[in-house]
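Q: Quick one: structure below, then a few questions.
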Amino acid sequence: MTHETVVEISNVWKIFGNNSKEAMQAVRERGLTKAEVLAEFNAVVGVADVSLSVQRGEIFCIMGLSGSGKSTLVRHFNRLLEPTAGKIEIQGTDVMALGPRELQEFRNRKIGMVFQNFALMPHRSVLDNVAMPLEIRRVPKNERMRQAAAILDIVELGAWGAKFAHELSGGMQQRVGLARALAANPDVLLMDEPFSALDPLIRRQLQDEFIRLSKILKKTTIFITHDLDEAVRIGDRVAIMRDGKVVQMGTAEDIVMEPADDYVADFVAGISRLKVVHAHAVMQPIDAHIKAHGAISAAAPRVEAGETLSTLITLAIDNDNPIVVQAGAKDAGVITRADLLRTVIEGTEVS
């Protein structure tokens, strides 16, 4: 993943209601809360002053409970919803400045979207469904069918092109929906709880499939979910929303190790730290350890800063020496059994 910003939104607000403009002005001038906006203007704040950026090739997960504003927010990226205020840029294009025809073209060429509802056309074959975005672009039939067939192969449904949607399982239908979004080769992929309607086992399989595809296609993805386990498993970074606001943003490790408030702490309380927390977050400075305990044995195990807590615990079981964390070829930190025990205990919900 490079550090080129592909998506950037700044101070986006969405207020629903006939008096949204007046409510927006009152929020700016008087700092009204969500409840006060509802009481005074009979308007609902769906998104409140959200700013974020997404890098090329990044999977950026936005999560929160029902009503938190996550699905409302994602519909602003391609202007399915018009923001009450704020700025939206995708690959340097001011999305808010696009006219109707330009916006339609922009959606068709730059953005793919996958919904929780598969939204497949029942009268079309799987191959025809996948080829639809290319048909809208007026790509010649032979070429669009070739491209659609290639995408079906990537999602491992190449043998199902002639079937109809009702002949496929739910998981297979969702893969067709994903293939259709990918067929137009969009720069940005928007996924709104795409796996939440599926059974747990199929959901896990689709997550694996998506992770595999992401490594191949490297699409910049904004992924909406209410499931923190899913966000942690899939996302490079996670934003947690509440009442239309982003309350914390960072890597899964950042959020699990240092929750911003009690709301986030409750969210992460049930998450296992074993695969989320890495050596760099647990280690203590090597100089301080040597000063307090003396030189470290040459037999001490060495690990990279990105090693998981699970591996560190296994090493500590089999070795009496502290674990040395390296940055390149240099010893940078030390992890003792006490450090590991403290990390595990702090991640355990105490009743």
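Under my numbering, the residues of the sequence shown are numbered 1371 to 1721, in order.
No residue lacks a Cβ here, since even glycine has one placed at the ideal position from N, Cα and C.
Note that the structure is a prediction, hence the values are computed from the model and not measured.
Check the DSSP bridge columns for proline 1470 and list the partner residues they point to.
A: DSSP output for proline 1470 lists no bridge partner at all.
Q: Can you tell me whether proline 1655 is helix, strand or coil according to DSSP?
A: Reduced to three states, the DSSP call for proline 1655 is strand.
Q: Indicate whether the contact test is met: 3 or more Cβ pairs, each with one atom in the stretch 1661-1672 and one in the stretch 1637-1649, closer than 8 Å.
A: With a cut-off of 8 Å, the stretch 1637-1649 and the stretch 1661-1672 do not count as touching, because too few Cβ pairs lie within range.
Q: Can you have a look at leucine 1710 and say buried or exposed, based on whether 16 or more other CB atoms are within 10 angstroms of its CB?
A: By the neighbour-count rule (16 or more Cβ atoms within 10 Å), leucine 1710 is buried.
Q: How would you write the range of the alpha helix (DSSP H) that arginine 1582 sits in, first residue to last?
A: Run containing arginine 1582: 1570-1587, per the alpha helix (DSSP H) assignment.
Q: Alpha carbon to alpha carbon, what distance is there between arginine 1398 and lysine 1480?
A: Going by the C-alpha atoms only, they are around 33 Å apart.
Q: Hey, alanine 1553 and proline 1492: beta-carbon distance below 7 Å or not?
A: Taking 7 Å as the Cβ cut-off, alanine 1553 and proline 1492 do not qualify as a contacting pair.
Q: Assuming aspartate 1562 and isoleucine 1594 make a contact with CB atoms under 8 Å, what is their CB distance in whole Å?
A: Rounded, the Cβ-Cβ distance is 5 Å, consistent with contact.
Q: Might you give, ordered along the chain, the residues of its own chain that have their beta carbon closer than 7 Å to the beta carbon of alanine 1708, omitting 5 neighbours on each side?
A: Cβ within range, chain order: n/a, list empty.
Q: Would you mind giving the Cβ-Cβ distance between arginine 1607 and glycine 1620, rounded to the nearest angstrom? I have them listed as a contact below 8 Å.
A: Indeed they touch by this definition, with Cβ atoms about 6 Å apart.
Q: Report yes if the CB atom of glycine 1416 is closer than 7 Å to the CB atom of phenylalanine 1386, and no otherwise.
A: For glycine 1416 and phenylalanine 1386, yes; Cβs fall inside 7 Å.
Q: Using the rule of at least 16 other Cβ atoms within 10 Å of the residue's Cβ for burial, across every protein chain shown, is leucine 1571 buried or exposed?
A: Answer is exposed; the Cβ neighbour count stays below 16.
Q: Under 7 Å, do threonine 1591 and isoleucine 1432 count as touching if we go by C-beta distance?
A: Not closer than 7 Å, so no.
Q: Could you give the distance in angstroms between the alpha-carbon of aspartate 1599 and the alpha-carbon of aspartate 1636?
A: Using only the alpha carbons, I get a separation of about 13 Å.
Q: Once DSSP output is grouped into helix, strand and coil, what is the label at threonine 1713?
A: Helix, per DSSP.
Q: If we call anything under 7 Å between Cβ atoms a contact, is serine 1390 one with threonine 1454?
A: Their beta carbons are under 7 Å apart, which means serine 1390 touches threonine 1454 by this criterion.
Q: Cα separation between valine 1558 and threonine 1678?
A: The straight-line gap from Cα to Cα measures roughly 30 Å.
Q: Which runs of the beta strand (DSSP E), 3 residues or longer, sit entirely within the stretch 1614-1673?
A: Segments of the beta strand (DSSP E) lying fully in the stretch 1614-1673: 1615-1620.
Q: Consult DSSP for serine 1436 and reduce its assignment to one of helix, strand or coil.
A: The answer is coil: DSSP assigns serine 1436 none of H, G, I, E or B.
Q: Assuming arginine 1514 is part of the alpha helix (DSSP H), what are its boundary residues?
A: Here the alpha helix (DSSP H) through arginine 1514 covers 1511-1524.
Q: With 16 other CB atoms within 10 Å as the buried threshold, where does arginine 1573 fall?
A: When all chains shown are included, arginine 1573 counts as buried.
Q: Quick test of the definition: if touching needs 3 or more C-beta pairs under 8 Å, does the stretch 1509-1522 touch the stretch 1539-1556?
A: Yes: at least three Cβ pairs fall under 8 Å.
Q: Quick one: which unbroken alpha helix (DSSP H) runs of 4-plus residues sit fully inside the stretch 1391-1436? Chain order, please.
A: You should have 1404-1411.
Q: For phenylalanine 1476, name the three-state secondary structure that DSSP assigns.
A: Of the three classes helix, strand and coil, the one that applies to phenylalanine 1476 here is helix, per DSSP.
Q: Does the Cβ-Cβ distance between threonine 1706 and valine 1652 come in under 7 Å?
A: Cβ distance not < 7 Å, so threonine 1706 and valine 1652 don't count as in contact.
Q: Is the beta carbon of leucine 1587 less than 7 Å from the beta carbon of phenylalanine 1447?
A: No.
Q: Could you pull out every residue in the same chain whose Cβ sits closer than 6 Å to the Cβ of valine 1616, ignoring the five residues on either side in sequence?
A: Excluding positions up to five away in sequence, the list reads Val1420, Ala1609.
Q: Taking contact to mean 3 or more Cβ pairs, one atom from each stretch, closer than 8 Å, check whether the stretch 1396-1415 and the stretch 1458-1465 are in contact.
A: The stretch 1396-1415 vs the stretch 1458-1465: no contact.
Q: Serine 1441 by DSSP, collapsed to three states: which one?
A: Serine 1441 falls in the helix class under three-state DSSP.
Q: Can you pull the DSSP bridge partners for leucine 1504?
A: None, per the DSSP bridge assignment.
Q: Does DSSP put glutamate 1719 in a helix, in a strand, or in coil?
A: With a pLDDT of 46 at glutamate 1719, under the threshold of 50, the modelled position of that residue is not reliable, and the figure given next carries that caveat. Looking at glutamate 1719 - three-state DSSP - the assignment turns out to be coil, as it is neither helix nor strand.
Q: Could you tell me whether the stretch 1535-1544 touches the stretch 1488-1503, where touching means 3 or more Cβ pairs closer than 8 Å?
A: Counting Cβ pairs under 8 Å, three or more are found: they touch.
Q: Could you tell me whether the Cβ atoms of glycine 1703 and isoleucine 1641 are closer together than 7 Å?
A: Against a cut-off of 7 Å, the Cβ pair of isoleucine 1641 and glycine 1703 comes out as no contact.
Q: Assuming glutamate 1579 and arginine 1545 are in contact, meaning their beta carbons sit under 8 Å apart, how far apart are those beta carbons, in whole angstroms?
A: Confirmed, about 7 Å.
Q: For lysine 1661, count neighbouring C-beta atoms within 10 Å of its own C-beta (all shown protein chains included) and say buried if the count is 16 or more, exposed if not.
A: Per the 10 Å Cβ criterion, exposed.
Q: How about valine 1382 and glycine 1456: do their beta carbons lie closer than 7 Å?
A: Result yes, Cβ atoms of valine 1382 and glycine 1456 sit closer than 7 Å.
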